[in-house]
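*Asks:* Protein chains in written order, with this note's numbering: chain A, 1 to 134; chain B, 1001 to 1145.
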Amino acid sequence: MALGYLKRTQPWVTFIAVMGFIGTVLMVLMSLFMLAGGALMPANTKLPAMFFTVFGILYMFLGIFFCLIPGILLMRYSSAISSIPATGQAALESALSRQKSFWKYAGIFTIVILIFDVFFLIGVFKYGFLRRPH
Amino acid sequence: MDKQIMVSEEMLVSLKSTRPWVMFLSILGFVCFAFMALGSLLLIVVGNAMTHQSNMPAFFGPGLGMVELILALIYLFPCLYLLRYGIAIGNVPGSGQEVMEQALKQQKSFWKFMGILMIVLLTLYVLIFIGAIALGVMFGASHLP
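#1: Can you find the residues in the same chain that come closer than 8 Å, C-beta to C-beta, to B/F1033, ignoring five residues on each side of it along the sequence?
#2: How is A/M34 classed by DSSP in three states: helix, strand or coil?
#3: Got a sec? Which residues, its chain only, sit under 6 Å from A/P136 by beta carbon, not counting five neighbours each side?
#4: Kindly list the residues whose CB is nearer than 7 Å to the CB of A/A82, restricted to its own chain and excluding five residues on each side of it in sequence; keep chain order.
#5: Is there a Cβ from chain A that is less than 7 Å from the Cβ of B/M1114?
#6: Classify B/L1042: buried if its beta carbon has 16 or more other beta carbons within 10 angstroms, exposed otherwise.
#7: Return the residue from the list B/I1044, B/F1110 and B/G1061 that minimises the CA-CA distance to A/L6.
#8: Taking DSSP as the reference, what is the three-state secondary structure of B/V1007?
#9: Taking the alpha-carbon positions, what's the B/M1001 to B/M1100 distance?
#10: For B/L1104, decide whether its Cβ has a neighbour in chain A, counting only Cβ atoms nearer than 7 Å.
#11: Is the beta carbon of B/M1050 less than 7 Å from the beta carbon of B/G1061?
#12: Below 6 Å CB to CB, which residues in the same chain sit around B/V1048 once its five sequence neighbours on both sides are set aside?
#13: For B/T1018, return the contacting residues in chain A, with the cut-off set at a CB-CB distance below 7 Å.
#14: Quick check on B/L1144: does DSSP put it in helix, strand or coil?
#15: Output yes if chain B places a C-beta closer than 7 Å to the C-beta of A/Y136; else output no.
#16: What number of angstroms, rounded off, separates the C-alpha of A/A91 from the C-alpha of A/K100?
#17: Give the C-beta separation of B/I1005 and A/Q89 to the nearest angstrom, bearing in mind that I take them to be a contact with Cβ-Cβ under 8 Å.
#18: Span of the alpha helix (DSSP H) holding A/A70?
#19: Cα separation between B/G1086 and B/L1015?
Written out as structure tokens, the structure reads:
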């Protein structure tokens, strides 16, 4: 029965992992376009080329940490579930340990993002209130 | 598949160390839900007053508020599933087998919900994409000389 629940978890986890990989490809492509745009842009336009470079790096960061790594962790969870009937005990142990890795990663990633948010807010307040445009 | 598998110490350790992260994420989710729900109510109430005073179409405000409220409600479900998973893990050493089953069942519900949600979102994206192209073509055609 308990194994039945794990079996039924597997297709969904696999699906979301694959979506994560597709997301990675899209994000990295987007990032490369942005970086290329930033590098090729003429210097005398109103929009600073910096803007593209910053967004390019941001997309690369999101692609790796928000799509690729969770995708890999979920894929490992899913493959551990599929090897349960064959290897029994040990496979169930590794399945549970791998889903733990995923949740730990998700928790730490969230904390990092929250810290970034706080810095971002502080930055916005500083620039917004102290350096008003003349 | 009915091979006997014992619940080992190692499995319990993995589940136990999953629990704080799952609890943390679900509680954070509830906080986000609260903000979203408040925001949507604000949009509905203030937006309603604002659209009456300005020339904005009445849809802005109340309409967007409703959309946000629906999004918040959809967002509530994974948080609930995670909370139930966390609670179920907390019960595990208690009465063994069934409680372990309960924990695995809750995490299954979570992943199923996320999978279905993703399919729904992808379908919506495709529909919006097609709709946008169709609208663009229709608009273009009606403006031909």
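Glycine included, C-beta positions come from ideal geometry on N, C-alpha and C.
Here the structure is a predicted model, which means the values were calculated and not measured.
*Replies:* Working from what's here:
#1: Numbered from 1 along the second sequence, position 33 holds the residue referred to as residue 1033 of chain B. Closer than 8 Å at Cβ, skipping near neighbours: A1072, Y1075, L1076 and C1079.
#2: As a first step, residue 34 of chain A is located in the first sequence; it is residue number 34 there, counting from the start. Per DSSP, reduced to three states, the secondary structure at A/M34 is helical.
#3: Chain A is shown only over 1 to 134; residue 136 of chain A falls outside these bounds and no answer can be derived.
#4: Residue numbering aside, residue 82 of chain A sits at position 82 when the first sequence is read from its first letter. Per the sequence shown, the amino acid found at residue 82 of chain A is Ser instead of Ala. Q10, listed in sequence order.
#5: Position 114 of the second sequence, counting from 1, holds the residue named residue 1114 of chain B. Proximity of B/M1114 to chain A, defined by a Cβ-Cβ separation below 7 Å, is satisfied.
#6: In the second sequence, residue 1042 of chain B corresponds to position 42, counting from 1. It is exposed - the Cβ of B/L1042 has fewer than 16 other Cβ atoms within 10 Å.
#7: Residue 6 of chain A sits at position 6 when you count from the first residue of the first sequence. Closest option to A/L6, Cα to Cα, is B/F1110.
#8: Start at 1 with the first residue of the second sequence, and residue 1007 of chain B comes out as number 7. Here DSSP, grouped into helix, strand and coil, assigns B/V1007 to coil.
#9: Taking the first residue of the second sequence as 1, we reach residue 1001 of chain B at position 1. Taking the first residue of the second sequence as 1, we reach residue 1100 of chain B at position 100. Unreliable placement is indicated for B/M1001, whose pLDDT of 44 sits below 50; the coordinate value is still reported in the next sentence. Taking the straight line from one Cα to the other gives about 17 Å.
#10: Counting from 1 along the second sequence, the entry for residue 1104 of chain B is found at position 104. By this cut-off, B/L1104 is an interface position.
#11: As a working mapping, residue 1050 of chain B is identified with position 50 in the second sequence. As a working mapping, residue 1061 of chain B is identified with position 61 in the second sequence. Yes, they are a contact pair.
#12: Within the second sequence, residue 1048 of chain B is the residue found at index 48, counting from 1. Here residue 1048 of chain B is Asn; the residue named in the question, Val, does not match the sequence. Within the same chain, and ignoring the five residues on either side of B/N1048 in sequence, the residues whose Cβ sits closer than 6 Å to its Cβ are G1061 and P1062.
#13: What you label residue 1018 of chain B is simply residue 18 of the second sequence in a count that begins at 1. Against chain A, a Cβ distance below 7 Å from B/T1018 picks out Q99, K100 and W103.
#14: Position 144 of the second sequence, counted from the first residue, corresponds to residue 1144 of chain B. In this structure, B/L1144 counts as coil in the three-state DSSP scheme.
#15: Nothing in the structure corresponds to residue 136 of chain A, since chain A is present only between 1 and 134.
#16: Residue 91 of chain A sits at position 91 when you count from the first residue of the first sequence. Residue 100 of chain A sits at position 100 when you count from the first residue of the first sequence. One C-alpha to the other measures close to 14 Å.
#17: What you label residue 1005 of chain B is simply residue 5 of the second sequence in a count that begins at 1. What you label residue 89 of chain A is simply residue 89 of the first sequence in a count that begins at 1. The pair is a contact, with the Cβ atoms about 5 Å apart (cut-off 8 Å).
#18: Against the first sequence, residue 70 of chain A aligns to sequence position 70. A small correction: the amino acid at residue 70 of chain A is Pro; Ala does not occupy that position in the sequence shown. Segment I69 to S82, the alpha helix (DSSP H) holding A/P70.
#19: Mapped onto the second sequence, residue 1086 of chain B falls at position 86. Mapped onto the second sequence, residue 1015 of chain B falls at position 15. A straight-line Cα-Cα distance of about 9 Å links B/G1086 and B/L1015.
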